[in-house]
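Presented below is the structure to which this report refers.
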Amino acid sequence: MRMLPIILLSLASIFSIGLHAQTATEIVTQSDLQMRGDSSYSELTMNIIRPDWTRSMSMKSWTKGKELSLVLVTAPAKDKGSASLKRQREMWNWIPSIERVIKIAPSMLGQSWMGSDFTNDDLINQSSIVVDYTHAIHDTEVFDNDNTYVIDAIAKPDAPVVWSKVRLWISKDTYLQRKVEFFDEFDELVNTMKTYDIKQLGGRDIATRMEMVPADKPGNKTEMLTHQAQFNFAIKDSFFSQSQMKELRD
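Each residue of the sequence shown is one higher than the one before, starting from 2 at the first, in our numbering.
Below, the structure is given as C-alpha cells:
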C-alpha cells in the first residue's frame, strides 16, 4: 500500500508535464497562426470614420506565412487597383493613377495607410509581433465576455517596427486578439484596437469587426469588417510580386 502514494505522485507529475503552461511567446505565436493560418484570403470593408464624414473602401487580402502579404483595394473607383505588398522585410505601394510603385521605407511604417487610422506597419507588417518583439504575460482579464491573457510585447533593439510596446488581450479559448494597445517610444498610448462579432469563416473563428481608435483624436476611428475568409490553401510565392500587384483586378 505504501507504493500507492508514490505511484499517484508520479502520475500527477506526468499529468502536469503534459499540461505545461504556455509561454507568452507561444500564446502570441498561436494567436498569429489562428488569425492567418499557413495562408489566408479575405474580403473586407474599411470604414474611415471622422466627426464630419465617413469614407468606405472594399479590399481583398492575401497572406502566406509570416513573410508574404498583398492587399488590393477594389472600391471606390478612385482608389480601385491600389495595392500594398510585403516580401520579407521589404514593402511597396502601387498607385495606379500615376502608374508608380513606391517603396515603403522604414521611416514610412508609422504613416497612415490610405488615410485610415491603421498604419503601414499595422496592415502590411502584421506578423512582426511574433519575430520583432519579446513577450511577457502581464495579467489576465475579461474582455467582451471573453477570458484573455494580457501580454506585453516589447520591441527588440533595432527592430524595424513603429511601436516600442504593444499590449495584447488574447482569448484563452480562440487565441484571437480581442484588444491591442499600441505605445510609442515614450510609452504613451497612441492607438487602441478592439475586435468583436466572432463568427466561423473558412472553418475557424474570426473576429469579423475590428475598430482602431487613436488616443488623441476624439471622434476618429477606423472600422474593418470581414465578409469572407479562407485559410491554408496552396498559393505560390510568386503571387506576391510587384508584377502581380500591378495586374490584380477585382
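Cβ coordinates follow ideal geometry from the N, Cα and C atoms, glycine included.
Owing to the predicted nature of the structure, the values given are computational and were not obtained by experimental measurement.
Sheet register partners of residue i (DSSP bridge)
| i | result |
| --- | --- |
| N192 | F183 and P215 |
| Y176 | Y176 pairs with nothing; no bridge assigned. |
| A84 | L73 and W95 |
| W54 | Note: W54 sits in no beta bridge, so no partner. |
Burial state of residue i (16 or more Cβ within 10 Å)
| i | result |
| --- | --- |
| R102 | The sequence as given places Val at residue 102; Arg does not occur at that position. So V102 counts as exposed. |
| R250 | exposed |
| Y197 | exposed |
| T64 | buried |
| N233 | exposed |
| T24 | exposed |
Delimiting residues of the alpha helix (DSSP H) encompassing residue i
| i | result |
| --- | --- |
| I28 | A25 to R37 |
| Q229 | Careful: Q229 lies outside any alpha helix (DSSP H), inside the beta strand (DSSP E) at K222 to F232. |
| I130 | S129 to V132 |
Proximity test, residue i beta-carbon vs the ligand NAP heavy atom, cut-off 6 Å
| i | result |
| --- | --- |
| E186 | The ligand content of the structure shown is nil, which means the ligand NAP is not present either. |
Delimiting residues of the beta strand (DSSP E) encompassing residue i
| i | result |
| --- | --- |
| S98 | That residue, S98, is in no beta strand (DSSP E); it is neither H nor E in DSSP. |
| S165 | No beta strand (DSSP E) holds S165; DSSP gives it neither H nor E. |
| I236 | I236 -> no beta strand (DSSP E), and no H or E assigned at all. |
Proximal residues to residue i (C-beta, below 7 Å), its chain only, five neighbours per side dropped
| i | result |
| --- | --- |
| M109 | N121 |
| P6 | In this prediction, P6 scores a pLDDT of 46, lower than 50, which makes its location untrustworthy; no coordinate-derived value is stated. |
Close-in-space but distant-in-sequence residues of the same chain around residue i (CB under 6 Å, 5 per side omitted)
| i | result |
| --- | --- |
| P161 | P107 |
Within 7 Å, strictly: CB atoms of residue i and residue j
| i | j | result |
| --- | --- | --- |
| A156 | L190 | no |
| T227 | D206 | no |
| S62 | S32 | no |
| M225 | L86 | no |
| F119 | M213 | yes |
| W95 | A84 | yes |
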